[in-house]
Amino acid sequence: MKFFYLLLFIALPSIVFAQSNYHEGYVLKNNGDTVKGFINYREWERSPKTIDFKTTISDGNATAYDATAIKGFGIYGMETYISYIGTVTMGPTEFPNLSTGIDTTRKVDTLFLRQVNTGKYLTLYANKDEVKTRLFIAGPGGTPIELIYYTYYSEDNKIVSTAQYKGQLYFYVNKTAPNNQRLFNEINTLSYDYVDMEKAVNHINGISYSSSLNTRIFWGIALNITTAEEDLANYNNFVPKKSKTLAPRISWGMDFFNNPQVQHLIFRVEVSASYANPRYNYTSSSSNLLYEYNQYTASVTPQILLNLYNKDNFKIYIDGGWAFNFSAYSNNKTITKYNDPTLGTTKPINDPYKLELFWSSFPLQTGIVLNKRWEVFATYIPGAAYTKYNDIYASNQAINLGVKWLMGK
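If you count by the numbering used here, then the sequence shown holds residues 8 to 416, one letter each, in order.
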């Protein structure tokens, strides 16, 4: 099982990046014609330099377009891009790859610009390549203009920034809302980030900004099959014993999307509650020992989920995480019954061993997602100990089979 998961994680990058993800969209030809079809929508951390386009989903071959071949393209309900040919800045702006002294180098380039938002007065665009992130604005029907921002090391090795972009935005505020001091103050503290810039551009356009977090929540229930193992090594002739518990496991959590439209990569945080009641019977030539306890566990599990097969209405994923478990115990006791009837049964010994309140485990999960609403999953949790003795241990291994109800994207 562990070797199988290791192979999956090793093969994962090539699987994810090779996978196609065609969605309905269009390309805008240079002659003004709009051609509808399907676009291979990737997890574009950097702006695409080319796109793959099919007129029908069943086409065997796709046509590749760059920004010189078309005026733009769009994926319905997701994103819109336009082609841009013009001058762009080349000075890096991300630490630590900064120049010493201001780098005002520019060059003429051809790019795809993603439309971040648009309104009555301004449209905001973004482009990211291996050099930097660039933001652009354009008035109605106008050509995009780069918002200028420089960051560099000074002669005394301090980081210095310039903010010409603020002056560029002040120009539009003076035209559209000259008496809006609150908007001037907002721009004065504005960072060069497209999320913050989107808010300011919406305000310039007279639109109230409402945040749309790239998240969703979920509820889950599963059959939790816990196999507990105990080894009382200090008792002669006692071998490790196992005890199985079948009980429900309930969970609640939140998913954070790197890209909510594509959903290849998801960061998940899950809170769950489970129960186990191990019972161990140790037999020797002279007696029988029963050791039992009830374990109630709440777990917080951050995890990474990757969709190996990723279509709108059907996904197959694998998931790995680190569970931080908080357990409470009751009925923790041993009872010894002697084979000699004259000796009878001893009184219970309460809390004979210390069971840890905090312990961790490393769950692995796989599953399918149906219609963006239902998730059917299986989880394997390798054995994890919750004792700290040198010669005695208690551990749990578990398998979960369940469903989750996904609320959101």
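The C-beta atom is built at its ideal place from N, Cα and C for all residues, glycine as well.
Is residue 98 helix, strand or coil when you go by DSSP? If DSSP states are grouped into helix, strand and coil, residue 98 belongs with coil.
Note the first and the last residue of the continuous beta strand (DSSP E) segment covering residue 261. 248 to 264
Please tell me whether residue 221 and residue 185 are closer than 9 Å, where the distance is taken between their beta carbons. no
How many Å lie between residue 218 and residue 193 at the Cα? Unreliable placement is indicated for residue 218, whose pLDDT of 49 sits below 50; no coordinate value is reported for it.
Cβ of residue 279 within 9 Å of Cβ of residue 305? yes
Apart from the five residues on each side of it in sequence, which residues of its chain come closer than 6 Å, Cβ to Cβ, to residue 392? 400 and 402
Closest to residue 43 by CA distance: which of 187, 88, 32 and 343 is it? When only C-alpha atoms are compared, the closest one is 32.
Does the ligand ATP have even one heavy atom less than 8 Å from the beta-carbon of residue 172? What this structure holds is no ligand at all, so the ligand ATP is not there to describe.
What's the call for residue 262, buried or exposed, on a 16-neighbour Cβ count within 10 Å? buried
Quick check on residue 322: buried or exposed, where buried means 16 or more other Cβ atoms within 10 Å of its Cβ? Answer is buried; the Cβ neighbour count reaches 16.
Given this structure, state the Cα-to-Cα distance separating residue 354 from residue 282, to the nearest angstrom. 26 Å
Below 6 Å CB to CB, which residues in the same chain sit around residue 16 once its five sequence neighbours on both sides are set aside? Low per-residue confidence applies at residue 16: pLDDT is 47, beneath 50, and the placement is therefore not dependable, though the value from the model is reported in the following sentence. Here the set comprises nothing.
Reduced DSSP category for residue 122 - H, G, I as helix; E, B as strand; rest coil: strand
Exposed or buried, residue 195, counting other C-beta atoms within 10 Å across all chains shown (16 or more means buried)? Residue burial annotation: residue 195 is exposed, with fewer than 16 other C-beta atoms found within 10 angstroms of its C-beta.
Pop quiz: residue 172 and residue 156 are said to be a contact at Cβ under 8 Å. What is the actual Cβ separation, rounded to whole angstroms? 5 Å
Should residue 27 be labelled buried (16 or more other beta-carbon atoms within 10 Å of its own) or exposed? exposed
Measure the CB-CB distance between residue 299 and residue 284 and report whether it falls below 9 Å. yes
Simplified DSSP assignment, three categories, for residue 183: In the structure shown, residue 183 sits in a helix (DSSP, three-state: H, G or I).
Among 345, 409 and 265, whose alpha-carbon lies nearest the alpha-carbon of residue 386? 409
Pairwise C-alpha distance: residue 265 and residue 51: C-alpha separation (whole angstroms): 10 Å.
Whose C-beta lies closer than 7 Å to the C-beta of residue 108 among residues of the same chain, with five residues either side of it excluded? Closer than 7 Å at the Cβ level, and outside the excluded window around residue 108, lie 159.
Can you tell me the Cα-Cα spacing of residue 124 and residue 214, whole angstroms? 11 Å
Rounded C-alpha distance that separates residue 316 from residue 382: 14 Å
Does residue 200 pass the burial test, meaning 16 or more other C-beta atoms within 10 Å, or should it be called exposed? exposed
Between the Cα of residue 138 and those of 105, 130 and 149, spot the shortest distance and give me the residue it belongs to. Measuring from the Cα of residue 138, the nearest candidate turns out to be 105.
At the level of alpha carbons, what is the spacing between residue 175 and residue 191? 12 Å
Taking 9 Å as the threshold (C-beta atoms), are residue 129 and residue 427 in contact? A query on residue 427 cannot be resolved here, the shown segment of the chain reaching from 8 to 416 and no further.
Just confirm the distance between the C-beta atoms of residue 64 and residue 45, as a whole number of angstroms; I'd bet it's less than 8 Å. Taking the Cβ atoms as the reference, residue 64 lies roughly 5 Å from residue 45, within the contact range of under 8 Å.
For residue 411, which of helix, strand or coil comes out of DSSP? For residue 411, the secondary structure class from DSSP, reduced to helix, strand or coil, is strand.
Residue interval of the alpha helix (DSSP H) (run including residue 211): Note, residue 211: alpha helix (DSSP H), 201 to 211.
In chain order, what residues of the same chain have a beta carbon less than 6 Å from the beta carbon of residue 326, not counting five sequence neighbours either side? 310, 312 and 372
DSSP on residue 194, reduced to helix/strand/coil? In the three-state reduction of the DSSP assignment, residue 194 falls in the helix class.
Express the C-alpha separation of residue 73 and residue 83 in angstroms, rounding to a whole number. 19 Å
Taking 9 Å as the cut-off, decide whether the C-beta atoms of residue 134 and residue 91 are in contact. yes
Buried or exposed for residue 253, going by 16 or more other Cβ atoms inside 10 Å? exposed
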